[in-house]
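Chemist: Residue numbers (the working numbering): 35 to 189. Dropping a structure here in structure tokens format, bear with me for questions.
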Amino acid sequence: MWSPETSPSPKLFFETITAFQKAGALKAAIDLDLFTAIGGTPATAAEIAARCGCPERGIRILSDSLTILGFLTKDGSHYSLTPDSATFLDRNSPAYVGGSVDFFLSPGIAEAFDNLAATVALAARMGPGPSQACFGGGTIAQGGAALMTAIGARL
Numbered sequence: 035m036w037s038p039e040t041s042p043s044p045k046l047f048f049e050t051i052t053a054f055q056k057a058g059a060l061k062a063a064i065d066l067d068l069f070t071a072i073g074g075t076p077a078t079a080a081e082i083a084a085r086c087g088c089p090e091r092g093i094r095i096l097s098d099s100l101t102i103l104g105f106l107t108k109d110g111s112h113y114s115l116t117p118d119s120a121t122f123l124d125r126n127s128p129a130y131v132g133g134s135v136d137f138f139l140s141p142g143i144a145e146a147f148d149n150l151a152a153t154v155a156l157a158a159r160m161g162p163g164p165s166q167a168c169f170g171g172g173t174i175a176q177g178g179a180a181l182m183t184a185i186g187a188r189l
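Written out as structure tokens, the structure reads:
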């Protein structure tokens with residue numbers, strides 16, 4: 035919340051508007067098994083590229099992006115997994131969650147959010163039920179349920 039002691043900032047706007055680029059970089063790394071290719075041993079871009087079967091330049095650019103995002107660390111020319119990436123993004127980990135990217139970034143869900151204004155408008159027209167609560171003073175949970183119902187209707 036804004037107060038006289040804080041200055042307005044566009045930070046939230048830029049973080050939100052570029053979120054799809056961050057998700058795209060993460061999805062590319064998961065699809066290429068980049069995290070598994072690094073595993074527990076620090077590796078250069080050339081080593082990762084060979085393991086992923088990709089050009090070194092592309093892997094270096096992607097790895098640098100993932101370093102900036104906090105998924106990798108870099109010491110000299112060697113990339114390593116962060117503890118979170120090792121736990122959740124290396125296919126060899128029993129806690130691997132990378133497969134969920136296929137759901138969260140599936141075309142149907144992505145398309146519903148590409149035109150979210152229409153999805154929200156559809157929820158408003160769905161009649162009585164959770165959507166009425168959403169637009170008539172209901173709880174956030176009820177509003178979220180209505181929005182997800184509308185998204186499901188568009189799929």
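Cβ coordinates follow ideal geometry from the N, Cα and C atoms, glycine included.
Excluding the 5 residues preceding and the 5 following residue 78 in the sequence, name in chain order all residues of the same chain whose CB lies nearer than 8 Å to its CB.
Modeler: Counting from one through the sequence shown, the residue named residue 78 turns up at place 44. Within the same chain, residue 78 has close Cβ partners 111, 112 and 113.
Chemist: Count the other C-beta atoms from every protein chain shown that fall within 10 angstroms of the C-beta of residue 95, then say buried if there are 16 or more, exposed otherwise.
Modeler: For this step, residue 95 is matched to residue 61 along the sequence shown. By the neighbour-count rule (16 or more Cβ atoms within 10 Å), residue 95 is not buried but exposed.
Chemist: With DSSP collapsed to three states, give me the class of residue 77.
Modeler: Position 43 of the sequence shown, counted from the first residue, corresponds to residue 77. DSSP places residue 77 in strand when its eight states are reduced to three.
Chemist: So what's residue 114 in DSSP terms, helix, strand or just coil?
Modeler: Start at 1 with the first residue of the sequence shown, and residue 114 comes out as number 80. Correct three-state label for residue 114: strand.
Chemist: Around the Cβ of residue 70, are there at least 16 other Cβ atoms within 10 angstroms (buried) or fewer (exposed)?
Modeler: As a working mapping, residue 70 is identified with position 36 in the sequence shown. The residue in question, residue 70, is buried, as its Cβ has 16 or more Cβ neighbours within 10 Å.
Chemist: Quick one: using the 10 Å Cβ neighbour count with 16 as the cut-off for buried, is residue 74 buried or exposed?
Modeler: Working through the sequence shown from its first residue, we reach residue 74 at position 40. Classification for residue 74: exposed.
Chemist: Going straight from the alpha carbon of residue 67 to that of residue 39, what length do you get?
Modeler: Mapped onto the sequence shown, residue 67 falls at position 33. Mapped onto the sequence shown, residue 39 falls at position 5. For residue 67 and residue 39, the distance between alpha carbons rounds to 46 Å.
Chemist: Which same chain residues, not among the five before or five after residue 191, have their C-beta less than 7 Å away from its C-beta?
Modeler: Here the chain has residues from 35 to 189 only, and residue 191 is not among them.
Chemist: Using the Cβ count rule (16 or more neighbours within 10 Å means buried), how would you classify residue 132?
Modeler: Here residue 132 is taken as the residue at index 98 of the sequence shown, counted from 1. Looking at its Cβ environment, which holds 16 or more other Cβ atoms inside 10 Å, residue 132 is buried.
Chemist: To the nearest angstrom, report how far apart residue 122 and residue 59 are at their CA atoms.
Modeler: For the purposes of this step, residue 122 is taken as the residue at position 88 of the sequence shown. For the purposes of this step, residue 59 is taken as the residue at position 25 of the sequence shown. Their Cα atoms are separated by approximately 16 Å.
Chemist: So is residue 63 buried or exposed if we call it buried at 16+ other beta carbons inside 10 Å?
Modeler: Taking the first residue of the sequence shown as position 1, residue 63 is located at position 29. Buried, since its Cβ has 16 or more Cβ neighbours within 10 Å.
Chemist: How big is the Cα-Cα spacing for residue 165 and residue 86?
Modeler: Counting from one through the sequence shown, the residue named residue 165 turns up at place 131. Counting from one through the sequence shown, the residue named residue 86 turns up at place 52. Unreliable positioning characterises residue 165 in this predicted model, as indicated by a pLDDT of 43, which lies under 50. The coordinate reading is nonetheless provided below. Looking at the two C-alpha atoms, the distance is approximately 46 Å.
Chemist: Hey, quick one: how far does the alpha helix (DSSP H) through residue 109 stretch, first residue to last?
Modeler: In the sequence shown, counting from the first residue as 1, residue 109 sits at position 75. Taken as a continuous stretch (DSSP letters only), residue 109 belongs to no alpha helix (DSSP H), being part of the beta strand (DSSP E) at 106-109.
Chemist: Cβ atoms of residue 57 and residue 139: under 9 Å apart, would you say?
Modeler: Numbered from 1 along the sequence shown, position 105 holds the residue referred to as residue 139. Numbered from 1 along the sequence shown, position 23 holds the residue referred to as residue 57. Contact flag set, yes.
Chemist: Grab the span of the alpha helix (DSSP H) containing residue 154 for me, first residue to last.
Modeler: Within the sequence shown, residue 154 is the residue found at index 120, counting from 1. First-last of the alpha helix (DSSP H) with residue 154: 150-158.
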